[in-house]
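Take a look at the structure below.
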Amino acid sequence: MSPDDRDHDDPEDTDVRERIEQEADRAVEQFDEGIVDLLAWVLDTETRARIYVHLRQHPESTSEEIAEGTGLYPSTVREALAALTDEEVVTRQKRESDGAGNNPYEYSAISPSDLVNTIVGDIQSELNTVFNLDDHIGGGETTLEPDDEPVTISVEDADDDPSDTDTDANKGADDVGAGEDEDDDV
1 MSPDDRDHDD PEDTDVRERI EQEADRAVEQ FDEGIVDLLA WVLDTETRAR
51 IYVHLRQHPE STSEEIAEGT GLYPSTVREA LAALTDEEVV TRQKRESDGA
101 GNNPYEYSAI SPSDLVNTIV GDIQSELNTV FNLDDHIGGG ETTLEPDDEP
151 VTISVEDADD DPSDTDTDAN KGADDVGAGE DEDDDV
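Spelled out as structure tokens, the structure:
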């Protein structure tokens, strides 16, 4: 039997491919659910998390488009959008149209790094409250001044300053071999 005579659609090969595709789909679905769970923690509810994800994927969407894309009730979407807009997690602007009809608002979500920056202050404050619990209940000695905070959280965007990528191990790497030319002349 020559290699050309073999059936390229061997049932065993197809079965293996199907199982791999199913496992890949399952992994992606679990990853997506994990992201939504994390965002639900950050944004307080799964509804708000789903709206945020939809807006990251489809910026400048109307509340109606968001409701269709997420499968949520339009009234639920409008209520969540109002809160997210107040919290500056979502921005809104009037959609431009040439017609004489009503121009609906279109919404866009802030970047994930901006979202993290908005919650860092809240988390830092809560951690400091826990660490300073004795001060709050009046029970313990404290050496901290009112402005001192035991916990400080700093978040930097990876794109902020590319020059920060130099490490001590990389510094001077350009100098390697710098003196070799002098030794060759001797």
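First residue of the sequence shown: 1, per the UniProt record's numbering; consecutive thereafter. Cβ atoms here follow ideal geometry from the backbone N, Cα and C, with glycine treated the same way.
Is DSSP giving residue i helix, strand or coil here?
{"i": "V90", "result": "strand"}
{"i": "T45", "result": "coil"}
{"i": "G172", "result": "Note that G172 has pLDDT 41, beneath the 50 cutoff, so the model's placement of it is unreliable and the number below is only indicative. Note: G172 maps to coil in three-state DSSP."}
{"i": "L72", "result": "coil"}
{"i": "S97", "result": "coil"}
Would you say residue i and residue j are within 9 Å of each other, going by their C-beta atoms?
{"i": "Y105", "j": "K94", "result": "yes"}
{"i": "D37", "j": "A27", "result": "no"}
{"i": "A109", "j": "L72", "result": "no"}
{"i": "E60", "j": "P74", "result": "no"}
{"i": "V120", "j": "I66", "result": "no"}
{"i": "T118", "j": "E88", "result": "yes"}
{"i": "V90", "j": "V116", "result": "no"}
{"i": "V77", "j": "I51", "result": "yes"}
{"i": "S111", "j": "N103", "result": "no"}
Per DSSP, what are the beta-bridge partners of residue i in this structure?
{"i": "Y107", "result": "S61, R92"}
Around the Cβ of residue i, are there at least 16 other Cβ atoms within 10 angstroms (buried) or fewer (exposed)?
{"i": "L133", "result": "exposed"}
{"i": "I20", "result": "exposed"}
{"i": "A80", "result": "buried"}
{"i": "T70", "result": "buried"}
For the alpha helix (DSSP H) containing residue i, list its first residue and its last residue.
{"i": "V155", "result": "Careful: V155 lies outside any alpha helix (DSSP H) and carries neither H nor E."}
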